[in-house]
Each structure stands twice: as structure tokens, then as C-alpha cells.
Amino acid sequence: MSIESAKAFLERTKNDEDFRKSVGEIATVEERMKNVKSRPSNV
Numbered sequence: 197m198s199i200e201s202a203k204a205f206l207e208r209t210k211n212d213e214d215f216r217k218s219v220g221e222i223a224t225v226e227e228r229m230k231n232v233k234s235r236p237s238n239v
């Protein structure tokens, strides 16, 4: 994940409650990382 992608991800988690909940509901950190990495870079 590039720095720009990481910043976009953090911004989205701050501003998009549904997105934040969907990521937060994933059981393990490993599964969350896999899910986040599989998303388009323009989250």
C-alpha cells in the first residue's frame, strides 16, 4: 500500500461509517489486512 493509499484509507475510515463498520467486523487483523489490500487503491 502506498502512502497515498494509506492516507486515503484512513480518511475513508474517518468519514465513512459503513466502511469503518465493515472493516471493524472482520475477526482477525490478518483477515482485515487481506481485505483492505484487496480493495482498489482509490478506496
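Just add 196 to wherever you are in the sequence shown, counting from 1, and you've got the working numbering. In this text, a Cβ means the ideal position worked out from N, Cα and C, and glycines have one as well.
By the three-class DSSP mapping on this structure, what secondary structure does residue 209 have?
Helix at residue 209.
With residue 232 and residue 205 assumed to form a contact (beta carbons below 8 Å), what rounded beta-carbon distance in angstroms separates them?
About 7 Å separates the two Cβ atoms, so the contact holds.
Go to residue 227, then tell me how far its alpha helix (DSSP H) extends in each direction, as first and last residue.
Unbroken alpha helix (DSSP H) run through residue 227: 225–234.
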